[in-house]
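**Student:** Right, I'll just put the structure down here and ask away after.
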Amino acid sequence: MYPATTRLIPAYRLIDFIVEAELNSSRFKELIADQSNYFDLVLVEGFHPVVYALAGRFKAPVIGVATFGLMAVHYNTVGNPSHPTLYPDVLFGFHNVEKSLWGKIECVVWSLWSWYHHHYILVPRSQDIAERYFGEGVSYVGAMEASQSMLFINLNPVVYPPKPNVPAIVEMDQMHIKPTKPLPEDLQKVLDEAVEGVVYFSLGSNVKSTNLNEKLRNTIMGALSELPYKVLWKWESDYLPGKPKNVVTRKWFPQQDLLAHRNIRAFFTQGGLQSIEEAVFRGVPLIGMPFMCEQPMNVQSIVDQGIGLGVDPVTVSKEELKNCIIEVAENSKYKKRTEELRDVLYDKPMTGLEKVVWWAEYVIRHNGATHLRNPGADFSWFDYLLVQVVLVVTVIISTIICFLYKVWSYILNKKLNKPI
């Protein structure tokens, strides 16, 4: 298990730094200072409360946007139920914790702690930041966050299980999926000639292959060199020391078009949401090697769904990695399951982009969507969890039990003390 708590605080400190850098930029200051600026709608990344101050500044309805799954505390801002063990927070990095008692306890404790951290640490700190950059008259960011009209959440259906959502939650996927275009001639030639099959290896945009430590890089190169396939490796430099003969490196590949080629046997990835979505959309099975954030959970989903295998970058050996790649590339069950999943998940009346555009225009037309807001969002936890009801019922039941016990004791004592 990945210790979510130890990652959350440093992550938010980093986000604080990024947010302040953006707020301190000259272009942003010009945007805020220009009183003639007018917007029909404000869309903000919903992970950090300070950005909701923009809605107050421009007096426009606001929609929160999440590029990957949010934590339960964010769902709570629009009154969306989020069961701590059925839907563990994204930072936990694993699935199915509800199967064990200890996992349930961890999830509940984490949910309580993250709720406390958000409302009593993060929001007050965000208010301080907002007052520095928007002025002391800025609206309370906690209230602005709670007043958002909707939440647009990028939930890859491969990774996230079905979840009950209130109308203010709009799930979006396939946002970046594009029709297949022809490959560059030289790359098309490499793929066409690789009749033995091709394994594509990319760690995405946030994790750079060039930043891998020497031990892991040598482990990967050793495994790839022994594969009976051509390997295309997204390597962000002009030179790869000790590059195997069967490996082709480039700083960038047209990933979606490449995955659509008939000779692609498997995709070796860091487990990013977009990469998984693109692979499933093209029917390509996966090998996942997670490094950060939600990637461990994503890779676990790959394994759970039967569309690939996962390896740990800390402990993986050359033999383990090689065997995993060969297993996924050669065993047809992974490709078959990937294609089945694609056919089920993407059989929809409209794409994620079409859905998001429609709802954004809906919010603009009606100057917000407070009528879609769940009243439960404004409940205190005391009311939401029916603590009063539970206490009253407990007292009533306890009183009845005590009364019956007293009556039974009285009758029993009377019988025992009755003279013979």
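When you read off a place in the sequence shown, starting at 1, and then add 7, the result is the number in this note's numbering.
The beta carbon of each residue, even a glycine, is placed where N, CA and C say it ideally should be.
1. Are there 16 or more other CB atoms within 10 angstroms of the CB of K342, so buried, or fewer, so exposed?
2. If you follow the beta strand (DSSP E) that A158 is part of, which residue opens it and which one closes it?
3. Mind reading off the beta-carbon distance from A79 to D96? Whole number of angstroms is fine, and I expect it under 8 Å.
4. According to the Cβ coordinates, are N146 and A60 closer than 8 Å?
5. For K36 and L30, what's the separation of their Cα atoms in angstroms?
6. Just the C-alpha distance for H378 and E221, rounded to the nearest angstrom, thanks.
7. Kindly give me the distance between the Cβ atoms of A175 and V85, rounded to whole angstroms, as I take these residues to be in contact under 8 Å.
8. What residues match up with T377 in a beta bridge as DSSP calls it?
9. Can you list, in chain order, the residues of its chain whose CB lies under 7 Å from that of G63, leaving out five sequence neighbours each side?
10. What are the boundary residues of the beta strand (DSSP E) that V85 is part of?
11. Comparing alpha-carbon positions, which option in A367, A137, N161, W388 lies nearest I283?
12. Quick one: grab the DSSP three-state call for T92.
13. DSSP on L316, reduced to helix/strand/coil?
14. Using the three-state DSSP reduction, which class does S209 fall into: helix, strand or coil?
15. Given that a residue counts as buried once 16 or more other Cβ atoms are within 10 Å of its Cβ, and exposed if not, what is G279?
16. Tell me the rounded alpha-carbon separation between P56 and S133.
17. Is N87 closer than 8 Å to N381 when the C-beta atoms are compared?
18. Could you check the C-alpha separation between L194 and G290 for me, to the nearest Å?
19. Which partner residues of A73 appear in the DSSP bridge assignment?
20. Give the DSSP bridge partners of E200, in chain order.
21. Among residues of its own chain, excluding the 5 on either side of H125, which ones have a beta-carbon nearer than 6 Å to its beta-carbon?
22. Go to W117, then tell me how far its alpha helix (DSSP H) extends in each direction, as first and last residue.
23. Exposed or buried, which one is I407 when buried takes at least 16 other CB atoms within 10 Å?
24. How would you call M357, buried or exposed, if buried means at least 16 neighbouring beta carbons within 10 angstroms?
25. Which partner residues does A273 have in the DSSP bridge list?
26. My understanding is that I332 touches A384, with C-beta atoms under 8 Å, so please give their C-beta distance in whole angstroms.
27. Using the three-state DSSP reduction, which class does R257 fall into: helix, strand or coil?
28. Check whether the region 235–247 and the region 196–209 are in contact - that is, three or more C-beta pairs closer than 8 Å.
29. What is the DSSP secondary structure of E52, counted as helix, strand or coil?
30. According to DSSP, what are the bridge partners of L293?
31. Work out the CA separation of V214 and R20 for me, nearest whole Å.
32. Please report the distance separating the alpha-carbon of L210 from that of S156.
33. Grouping DSSP H, G and I as helix and E and B as strand, with all else coil, what is W240?
34. Please identify the residue among I294, D23, Y369 whose C-alpha is closest to the C-alpha of L129.
**Tutor:** For this structure:
1. With 16 or more neighbouring CB atoms inside 10 Å of its own CB, K342 falls in the buried class.
2. Before going further, note that residue 158 is Leu rather than Ala in the sequence given. If you look at L158, you'll find it in the beta strand (DSSP E) that goes 157–161.
3. Contact holds; Cβ gap of about 6 Å.
4. For clarity, residue 146 is Ser in the given sequence; the question names Asn instead. Yes, these two residues count as a Cβ contact at 8 Å.
5. Taking the straight line joining both Cα atoms gives about 7 Å.
6. Whole-angstrom Cα-Cα distance: 56 Å.
7. Rounded, the Cβ-Cβ distance is 4 Å, consistent with contact.
8. BP columns for T377 are empty, so no partner.
9. For G63, the CB contacts under 7 Å within the same chain, skipping 5 residues up- and downstream, are V145, S146, M151 in chain order.
10. In the DSSP assignment, V85 falls outside any beta strand (DSSP E), carrying neither H nor E.
11. That would be N161, whose Cα lies nearest to the Cα of I283.
12. T92 falls in the coil class under three-state DSSP.
13. Note: L316 maps to strand in three-state DSSP.
14. Correct three-state label for S209: strand.
15. Buried, because 16 or more other Cβ atoms sit within 10 Å of the Cβ of G279.
16. Cα-Cα distance, rounded: 6 Å.
17. Taking 8 Å as the cut-off, the beta carbon of N381 is found closer than this to the beta carbon of N87.
18. Cα to Cα, L194 sits roughly 20 Å from G290.
19. According to DSSP, A73 bridges with I160.
20. According to DSSP, E200 shares a beta bridge with no other residue.
21. Within the same chain, V80 come within 6 Å of H125 by CB-CB distance, once the 5 residues on both sides are set aside.
22. DSSP places W117 inside the alpha helix (DSSP H), whose first and last residues are 108–124.
23. I407 is classed as exposed because its beta carbon has fewer than 16 other beta carbons within 10 Å across all chains shown.
24. Exposed, since its Cβ has fewer than 16 Cβ neighbours within 10 Å.
25. Note: A273 sits in a beta bridge opposite V206.
26. About 47 Å separates the two Cβ atoms, so there is no contact after all.
27. Strand at R257.
28. Taking a contact to require three or more Cβ pairs closer than 8 Å, the region 235–247 and the region 196–209 qualify as touching.
29. Looking at E52 - three-state DSSP - the assignment turns out to be strand.
30. In DSSP, L293 forms a bridge with F274, G315.
31. Distance between the alpha carbons of R20 and V214 is about 20 Å.
32. When rounded, the distance between both Cα atoms is 35 Å.
33. W240 falls in the strand class under three-state DSSP.
34. Between L129 and the set I294, D23, Y369, the nearest pair of CA atoms involves D23.
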